[in-house]
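Heads up, the thing below is written out as structure tokens.
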Amino acid sequence: MTTETTNMTTTDTTNVTTDTTKAKNVILVLLLTSFIMSSFGFGRNIFPIIIPDMKNDLNISYTIIGLITALHQVGYLTFSYISGKFTARLGAAHLSVGAIIISGFSLLLLGIVNNVWIIGILIGILGICAATSWVPMISIVNQYISEKHLSKSVGLISSGTSYGVFISGIAVPYLLKGYGWKSVWIVSGSVVLTIGLLGYIYLYWMGAFKIKGTYKKELSKTVLASKKYQIIYMAVLMFLTGLALIPFQTYLIPYLREELHLSVELGGRIWNIIGLIGMFSGILIGMLADKVSVRKAFISIYFIIAVSAILLYVYPIPLMILVSGFLFGLGYYGLFALFPVYINKEISKEYSAAIFGITNLCLGIGSALGNYLGGWSKSLTDSFLGLYLTISLICVVLIILSIKLKEKEC
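Heads up: the sequence shown runs through residues 97 to 506, numbered per this note's numbering.
As structure tokens, then:
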């Protein structure tokens with residue numbers, strides 16, 4: 097009887113411990129989701145919404161806007177590599193939390209300054225912080241989340257951007273009309289700074305700052321050499337993804353408001369739809385990748401986004417624009433979870449952050465080039481139509497590349 101009682105007590109204690117650990121990990125995933133909401137949903141994606149207002153107030157051209165967005169991408173791509181390289185040395189938690197706090201301060205400053213070049217530098221810093229919050233995150237997830245739940249967890253975290261987009265789609269039109277574009281930066285900066293400080297407290301309590309990876313240069317080179325083909329292929333895929341998808345989002349609102357002369361409210365509604373759909377697409381795409389394959393998930397997403405882009409080119413009317421926004425939200429936010437998941441599953445779990453940093457560098461290069469060329473083409477042709485036609489064609493190329501993507505046999 098005593099033995100049975102002891103066994104029952106032990107079992108109950110184990111169950112309680114397991115439930116507590118699960119609860120902590122769920123909170124961790126939600127926290128990391130809020131980090132991505134901050135650095136991407138606010139830090140990267142608010143600028144495209146208020147470009148027309150800042151452009152008119154500060155009297156800047158689309159060439160300068162293209163240069164500023166390119167600076168943002170340069171910051172992003174540079175620290176995609178640097179943060180991946182130093183995750184093991186400095187600790188993933190230190191890098192991610194620090195990036196969120198710096199993002200908060202940068203957003204606040206954007207609501208104060210008027211100098212175009214200082215604004216460009218601050219937006220460049222936001223690019224740095226976005227990369228530094230995201231690239232090391234796969235290491236944090238690997239430390240706490242089992243592989244069985246990896247795709248779903250990373251999918252939800254990557255959807256954090258959509259939460260920021262959804263919130264900004266509601267808040268930004270209201271703030272723009274009532275208080276001007278500077279208020280958008282100040283409010284978002286206050287929110288991000290609060291999230292960063294709360295995140296620091298929780299990760300400190302979890303002991304995340306004490307965990308550091310072991311940097312093994314020789315083994316890392318061996319891994320890179322043995323997986324060279326897959327890494328190069330993934331780098332090309334990510335470069336073309338950045339070239340097409342980032343300018344799609346960057347110039348969507350300017351296209352709708354300035355070229356099609358649609359209202360601020362309709363632009364906000366479309367942004368809302370993109371964010372709302374994106375809230376669920378990340379975890380759904382993660383589940384699809386787990387159940388079917390990452391390769392088929394890539395193919396599906398690039399097809400959806402190709403259709404979304406061609407609708408903006410062929411049928412630029414309000415109803416079709418809403419459909420395009422729905423499709424873009426469905427594909428866009430889930431896509432970025434697939435890259436680290438593929439690397440983690442197919443290339444190397446131990447060095448996933450370092451390898452992701454290298455390939456994410458290519459995503460950043462493509463994004464910078466795409467944003468600059470998008471702004472330049474608008475200045476040259478006075479239209480965004482060519483941009484969206486080009487995006488749809490690049491997506492067709494990405495579908496072909498995804499079909500040939502190699503995966504381990506189950």
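Backbone N, C-alpha and C define an ideal beta-carbon position, used for all residues, glycine too.
Asked, Found
"On the DSSP letters alone, give me the boundaries of the alpha helix (DSSP H) that residue 388 sits inside.", "Here residue 388 belongs to no alpha helix (DSSP H), and DSSP marks it neither H nor E."
"Looking at C-beta atoms only, is the number of pairs between the stretch 400-415 and the stretch 473-493 that lie closer than 8 Å three or more?", "yes"
"Between the Cα of residue 153 and those of 198, 272, 225, spot the shortest distance and give me the residue it belongs to.", "272"
"Grouping DSSP H, G and I as helix and E and B as strand, with all else coil, what is residue 456?", "helix"
"Out of 285, 248, 189, which one is the CA nearest neighbour of residue 198?", "285"
"Rank 263, 142, 464 by C-alpha distance to the C-alpha of residue 350 and give the top, closest one.", "142"
"Let me know if residue 314 comes out buried or exposed under the rule of 16 or more other beta-carbons within 10 Å of its beta-carbon.", "Low local confidence applies: a pLDDT of 42 at residue 314 is under 50, so the model's placement there is unreliable, with the coordinate-based value given in what follows. That one is exposed."
"Where in the stretch 110-155 do unbroken runs of the beta strand (DSSP E), each at least 3 residues long, occur, reported from the N-terminal end onward?", "none"
"Give the straight-line distance between the Cα atoms of residue 241 and residue 323, rounded to the nearest whole angstrom.", "25 Å"
"Here's the rule: buried if 16 or more other CB atoms are within 10 angstroms of the residue's CB, otherwise exposed. What is residue 386?", "buried"
"List the whole-angstrom C-beta distance separating residue 328 from residue 248, where the pair is believed to meet the contact cut-off of C-beta under 8 Å.", "So it is not a contact: roughly 28 Å between Cβ atoms."
"Ignore the nearest five residues each way along the sequence and tell me which others in residue 346's own chain have a CB closer than 7 Å to its CB.", "144, 165, 467, 470"
"So, at 6 Å on beta carbons, what are the nonlocal neighbours of residue 46 in its own chain, with the 5 sequence-adjacent residues on each side left out?", "This structure gives no information on residue 46, because the portion of the chain shown stretches from 97 to 506."
"If you drop the 5 nearest sequence neighbours on each side, which residues of the same chain put their C-beta closer than 7 Å to that of residue 160?", "212"
"Given a cut-off of 9 Å, decide if residue 277 and residue 204 are closer than it, judged by their beta-carbon atoms.", "no"
"Excluding the five sequence neighbours on either side, which residues of its own chain have a C-beta within less than 8 Å of the C-beta of residue 334, listed in chain order?", "435, 455, 456, 458, 459, 462"
"Quick one: give me the first and last residue of the alpha helix (DSSP H) that residue 181 is part of.", "158-186"
"Does the separation of the CB atoms of residue 325 and residue 133 fall below 9 Å?", "no"
"Within the continuous alpha helix (DSSP H) that includes residue 256, where are the two ends?", "256-275"
"In chain order, what residues of the same chain lie with their CB nearer than 6 Å to the CB of residue 344, ignoring the 5 residues before and after it?", "487"
"I'd like the ranges of any alpha helix (DSSP H) spanning at least 4 consecutive residues and lying wholly in the stretch 303-383.", "313-322, 324-346"
"Do we get a CB-CB distance below 9 Å when we pair residue 381 with the residues of chain D?", "The structure shown contains no chain D, having only a single protein chain."
"Give a yes or no on whether the C-beta atoms belonging to residue 289 and residue 427 are separated by under 9 Å.", "no"
"First and last residue of the alpha helix (DSSP H) that includes residue 234?", "233-240"
"Could you give the distance in angstroms between the alpha-carbon of residue 501 and the alpha-carbon of residue 377?", "22 Å"
"Sort 383, 409, 450 by Cα distance to residue 431 and report the nearest one.", "383"
"CB residue 235 to CB residue 444, shorter than 9 Å?", "no"
"From what residue to what residue does the alpha helix (DSSP H) around residue 207 run?", "Note, residue 207: premise wrong, no alpha helix (DSSP H); not H, not E."
"According to DSSP, is residue 412 helix, strand or coil?", "coil"
"Let me check understanding here. Comparing Cα to Cα, which of 297, 421, 503, 354 lies closest to residue 262?", "421"
"Below 8 Å on the Cβ atoms is my guess for residue 47 versus residue 355; work out the distance and round it to an integer in Å.", "Given a span of 97 to 506 for the chain in the structure shown, any question on residue 47 remains unanswerable."
"Which complete alpha helix (DSSP H) runs does the stretch 275-300 hold, if anything under 4 residues is left out?", "none"
"When you compare only the Cα positions, how much space is there between residue 442 and residue 451?", "11 Å"
"Span of the alpha helix (DSSP H) holding residue 488?", "481-499"
"Less than 8 Å between the CB atoms is what I'm expecting for residue 364 and residue 265, so what's the real figure, rounded?", "5 Å"
"In this structure, how does DSSP classify residue 428 when only helix, strand and coil are distinguished?", "helix"
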